[in-house]
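Residue numbers (this note's numbering), protein chains in the order written: chain A, 288 to 550; chain B, 35 to 270; chain C, 442 to 855.
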């Protein structure tokens, strides 16, 4: 574990020196700061920031995750010539990209809210859930990026797959969900819908944030099953643990590949 | 010191190593030679544990390499083409490797001076020339004074001065009983300092022995010609 | 007409009170006073007398006031019903009750037991009392020209079946309900068959059912009240000529909560109210000819929800900000109109700088139509897909109803 931290530390500092991570942080600072300064209503700002969490973070985590993976592939080879175990290298390597990305999101989004909050009423739970969701989405898609990178030596192929995953989870999945609802309208599908939403990390993080906002009441307005699930702490716990599974599962799969890989 | 037993490795449809048996002893410089794509680098990576053999076993200092990162503490490795975290500086790289291994090296200073790296210590690795990067790589290989040194095409890209310093260093290490494994395309160079040759062809070791034995077998005085003859013959 | 009526009432009250002041006696009730029981004092009193009750707890069962008396509490005397009886029943005109604490009235499923009930009277005044833990608190039946002012009413209602309303008006007219603070009952203010009355400056909150509930009551005014955090908001039904101005409907937030539910309300005005964080701010079913103007809709789930049966509702000069859905409807046709409202979701421009957007705004979004037809799609709320749909619809509007549009949307928040 100690070794993993050391590996992470250097990946981390290496990344902090690259322009990308700086640009990424400033991007969030500008957008969130702008939303709060010119948007007026802090709740509206949370909702706009939620769009970033749902669209931009997955894409950036996948793309930066992949390029970082390829960029450091030879470097990993160097580490592996040292007496360090592969799981330690892998975890350190993953944390080395996932944590700086997460940190720049947390700073870029959290800081404007913290500053803005000084003089205005903002719902702390809403902002907190937004930051939590963004953090988890970051970790999920960095893990996916690593898995995709490890499974594909060819960059272009990996890039296409990553874009497919992004489009699939942000748009196509919801489209299919909508089709399912329309087709199965006359059946009691609420339970399956909840289960299906738990399967998609983007839907999950959206629901985690909206539970603090309007979706709870509006869903309750449409059906009692939703209300029973979503209105409760159990619903929140369930959503969060599903997100954690979404981080751990790709990581374990990627680790398996990493341990068996030839460099 | 290093034993390779019936090691097989296949990448997709390509059989790279097809049952390699070889031993590398201390106090000797052993060259692994063979045509391009004969499996030289793969064999070295198997010893390092970077490539996991499909069959067979590699032992370093008596311990199996598989899932045993400790064996790498005994090996200093200089790859064909060194890759580094590009934003780091050589100084930081040396510090980091020591930090990573949790081990301070008393040799850092002398190695830096020996390979004349002082002027480059504060520059990001990405701006350094190929030769300078090779020197950085050499420092890393010697840094922890390991009992085994594996050098993959060590002199490629080095200027004559650095190249001769590296060779001197190898002789010193040999004299101190180190096991030195290297590959090279430059046969004249190998002639200079190789004690033993292992000839790898199509994934198998087809010949191993001292330089004299090579000359005797082939009847050629020059190593380059001797090797060429062996390659033409396919095997002996 | 109404104004003349009010002047007449005021004059009448003035004359009556002046007249009473002349021959008025004062009877005192306390543990060491002439009367130790309120009951006895009421029996002994002559019409027009004043009964002064000093601090203490009085458990006297049901107290009947059948002559015009003025009951005045000093240092908050407590009238305790012991959870069994109706505490005070008024059957005479011009009875005034001030300064008492009413607590623990009886609970019954057969009759509407109240802490204070006025039955078939005129000119009653209930002012500055405190009510706690009663079934019904203030109950006026078949009465007129009464005022209920500045009372503090708290209930501990936990189920609708075991709770009554804080202020319950039945079959009454010309009642003024003013400045009361009501909480924790079934309904805060309930009116049924009530005419020409006004409800002003009250705060009605945390009720199980409605903050305000009225049925079959016409010609009433509701001004400057706050209705908040009630189980199902505010509901007004089967009434006409209702004026609702300057009220605040807030945090009626739950799965079946409304800010203002209009059910078959006709010829009424809803103006200058604030709707903040209600699941549905205005829900209109079968309502006609209603002016909805100058209201602010802020952060509601549905700001306006129109059922197909609503017609000739005019929405003008309202402000819509931060609502999940601005307008939802069950029909693609509409006989209601919108003009010169401010919509924060409006993306048009104002090239001629007249503060009116150059292209119309359609407040019904494609996604809200989808939710209307397939309610479960609500789970896709604020998903990238939803935004994609709305964006596509904005470029190529084919699904959203043309009938509902504001062709003069205001630019810039008023």
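Quick reminder that beta carbons are idealized off the backbone N, C-alpha and C, glycines included.
DSSP-derived helix/strand/coil call for residue i
i                     : result
residue 599 (chain A) : Not covered by the structure: residue 599 (chain A). The range shown for chain A is 288 to 550.
residue 841 (chain C) : coil
residue 149 (chain B) : coil
residue 238 (chain B) : strand
residue 76 (chain B)  : helix
residue 206 (chain B) : helix
residue 105 (chain B) : helix
residue 700 (chain C) : strand
residue 550 (chain A) : coil
residue 331 (chain A) : helix
residue 755 (chain C) : strand
residue 321 (chain A) : helix
residue 307 (chain A) : helix
residue 740 (chain C) : coil
residue 485 (chain C) : helix
Own chain, CB closer than 6 Å to residue i, minus 5 neighbours either side, in chain order
i                     : result
residue 295 (chain A) : 379, 382 and 383
residue 538 (chain C) : 512 and 567
residue 712 (chain C) : 686, 734 and 735
residue 505 (chain C) : 530
residue 769 (chain C) : 743, 746 and 809
residue 311 (chain A) : 391
residue 762 (chain C) : 739 and 785
residue 765 (chain C) : 742
residue 529 (chain A) : 485 and 491
residue 57 (chain B)  : 37
Nearest-angstrom Cα separation, counted from residue j out to residue i
i                     : j                     : result
residue 442 (chain C) : residue 517 (chain C) : Low per-residue confidence applies at residue 442 (chain C): pLDDT is 47, beneath 50, and the placement is therefore not dependable, though the value from the model is reported in the following sentence. Cα to Cα, the separation comes out at about 40 Å.
residue 178 (chain B) : residue 290 (chain A) : 18 Å
residue 264 (chain B) : residue 542 (chain A) : 43 Å
residue 701 (chain C) : residue 613 (chain C) : 23 Å
residue 571 (chain C) : residue 545 (chain C) : 12 Å
residue 848 (chain C) : residue 750 (chain C) : 23 Å
residue 691 (chain C) : residue 458 (chain A) : 35 Å
residue 362 (chain A) : residue 395 (chain A) : 29 Å
residue 340 (chain A) : residue 445 (chain A) : 22 Å
residue 753 (chain C) : residue 831 (chain C) : 28 Å
residue 257 (chain B) : residue 248 (chain B) : 8 Å
residue 60 (chain B)  : residue 342 (chain A) : 59 Å
residue 432 (chain A) : residue 352 (chain A) : 5 Å
residue 487 (chain A) : residue 578 (chain C) : 52 Å
residue 199 (chain B) : residue 72 (chain B)  : 29 Å
residue 401 (chain A) : residue 545 (chain A) : 40 Å
residue 156 (chain B) : residue 121 (chain B) : 11 Å
residue 42 (chain B)  : residue 211 (chain B) : 29 Å
residue 369 (chain A) : residue 171 (chain B) : 13 Å
Among the options, the one whose alpha carbon lies nearest that of residue i
i                     : options                       : result
residue 615 (chain C) : C:504, C:792, C:586 and C:680 : C:586
residue 453 (chain A) : A:344, A:545 and A:485        : A:344
residue 111 (chain B) : B:137, B:244, B:173 and B:59  : B:173
residue 483 (chain A) : A:499, A:497 and A:462        : A:462
residue 309 (chain A) : A:469, A:538, A:392 and A:357 : A:392
residue 757 (chain C) : C:768, C:732 and C:744        : C:732
residue 358 (chain A) : A:329, A:421, A:414 and A:436 : A:436
residue 823 (chain C) : A:520, A:297, A:313 and A:334 : A:334
residue 524 (chain C) : C:827, C:573, C:648 and C:637 : C:573
residue 214 (chain B) : B:101, B:195 and B:185        : B:185
Near the ligand NAP: residue i beta-carbon under 8 Å from a heavy atom
i                     : result
residue 365 (chain A) : This structure lacks the ligand NAP, and indeed carries no ligand of any kind.
Cβ neighbours of residue i in the same chain (closer than 7 Å, five flanking residues each side left out)
i                     : result
residue 154 (chain B) : 124, 162 and 166
residue 139 (chain B) : 132, 177 and 178
Own chain partners of residue i with C-beta closer than 8 Å, once the 5 adjacent residues on each side are dropped
i                     : result
residue 819 (chain C) : 812
residue 119 (chain B) : 127 and 159
residue 854 (chain C) : 760, 762, 783 and 785
query = Between the region 458-471 of chain A and chain C, which residues of the former have a C-beta closer than 7 Å to a C-beta of the latter?
reply = Contact residues of the region 458-471 of chain A toward chain C are 458, 461, 462, 464, 465, 468 and 469 (C-beta to C-beta distance below 7 Å).
query = According to a CB-to-CB cut-off of less than 7 Å, which residues of the region 129-154 of chain B neighbour chain A?
reply = Against chain A - using a Cβ distance shorter than 7 Å - the residues of the region 129-154 of chain B are 130, 131, 133, 134 and 135.
query = When you check each C-beta in the region 328-356 of chain A against every C-beta of chain B, which residues fall closer than 7 Å?
reply = The residues in question: there are none.
request  = Check distances from the C-beta atoms of the region 720-748 of chain C to those of chain A and list, in chain order, the residues that come in under 7 Å.
outcome  = Listed by position, the residues of the region 720-748 of chain C near chain A (Cβ gap below 7 Å) are 720, 740 and 742.
Where the region 98-110 of chain B meets chain A: residues whose CB sits under 7 Å from a CB there = Cβ contacts with chain A come from 103, 104, 106 and 107.
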